[in-house]
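Scroll down for the structure; my scribbles are underneath it.
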Amino acid sequence: MKRRTFVSGSVALAAGALAAPAIAATIKPYSWDLNPPMDSRENFIAWGKARGEDPVFLGQRWDRFQALIKNKDIWGQATMRAFLLTPREEFSAISPAIHKRAYEHAFLDIGYGVTMSGPHVQGRMTNVIDVKRGEKVLEIGTGSGVQSAYIANLTENAYTIEIIAPLAQRTRGLYDKLIDKGYTEFKHIKTKAADGFYGWEDAAPFDKIIVTCGIDHVPPPLLQQLKAGGLMVIPVGPPGAQRVLKVTKTQGADGSITTSREDIYGGKIVPFVPFTKLEGDKIVGTHNR
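Residue 292 in our numbering is what sits at position 258 of the sequence shown, and the numbering runs on without skipping anything.
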């Protein structure tokens, strides 16, 4: 499941400034009391339309939601609510070519050699770390911004790092535009342009960490910045053949730290692109050993 394919230089979307997303109207500002109906498609669309959202995209969101449940990629009530409140269409609006495809089970090109992850892998990885309100969550690989948008509906403390500086700037600009539109939950997101291998030391420790690029080992700085009792979900393995692992960090009564690993796809190989690294201000090679 490839989130991004790094290429030399910029192409098409990469070269452009932030395209104007569908931000004409305003919506009812966010509240933790917002509870979208989950009983029927009609009720959900009516509820979202009254909030100020587009009924066509609301219908697509509902249909993908049903597919996620059927495929067991989403199951917790909090995560289901978060998915139904996350406007993927606003993040795909970076390009007319992909705008209407926001809810497809596909990876969509957003420029900079980067793709917007599909909803199924995002749903499962997010549900696995079981984010609770108030927890501090770090995402490695901001990309389109939709993963942290999802997390922002689960906690007030979302942190995200993007290695491609102009993409990080573009996505931060999109968050700010959407906040102005009424999606005030995106105020919960703190962004940074940096090499995610080293985490975000100044903001650590984190209750949960989600990584969206493959590496052959768990980065020690990320494990160090994960709280005892915390969870990390990360693709681990050789290039192109990772398994998505849930890593649990535990502290014993004697103070010793141990970790356990669980494959969230039951042994299925899931290819992710490499966890790249920075040298100076250039992306050079990977963090594989």
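Think of the CB as a built atom: it goes at the ideal place given N, C-alpha and C, for glycine as much as any other residue.
Keep in mind that this is a model prediction, so the values were computed, not measured.
Which residue's Cα is closest to the Cα of D88: I108, P71 and E124? E124
Near H133, what residues of its chain come up, given a Cβ to Cβ distance below 7 Å and the 5 sequence neighbours on each side ignored? E123, S126 and A127
According to DSSP, S294 sits in a beta bridge with which residue or residues? T282
How about the segment 305-319 and the segment 264-283: do they share at least three Cβ pairs that are nearer than 8 Å? yes
Other residues of its chain near H321: CB distance less than 6 Å, five sequence neighbours each side excluded: F231, I249, F309 and K311
Just verifying my parser: in three-state terms, what is the DSSP assignment at P255? helix
Distance check for V270 and R115, CA to CA, integer angstroms please. 29 Å
Nearest-angstrom Cβ-Cβ length linking G86 and T120, presumed shorter than 8 Å: Not really, about 15 Å apart at Cβ, beyond 8 Å.
Report the three-state DSSP secondary structure of F78 (helix, strand or coil). helix
To the nearest angstrom, report how far apart K208 and A287 are at their CA atoms. Here residue 208 turns out to be Leu, not Lys, going by the sequence shown. So the two alpha carbons sit approximately 45 Å from each other.
In chain order, which beta strand (DSSP E) runs of at least 3 residues are fully inside the segment 293-323? 310-313 and 316-320
Is it true that the segment 183-190 meets the segment 220-238, where meeting means three or more beta-carbon pairs spaced less than 8 Å apart? yes
How should G233 be labelled, buried or exposed, when 16 other C-beta atoms within 10 angstroms of its C-beta is the threshold for buried? buried
Per DSSP, D143 forms a beta bridge with which residues? T149
Since A192 and A227 should fall inside the 8 Å C-beta cutoff, what is the C-beta to C-beta distance between them, to a whole number of angstroms? With 8 Å as the limit, A192 and A227 do not qualify as a contact, their Cβ atoms being about 16 Å apart.
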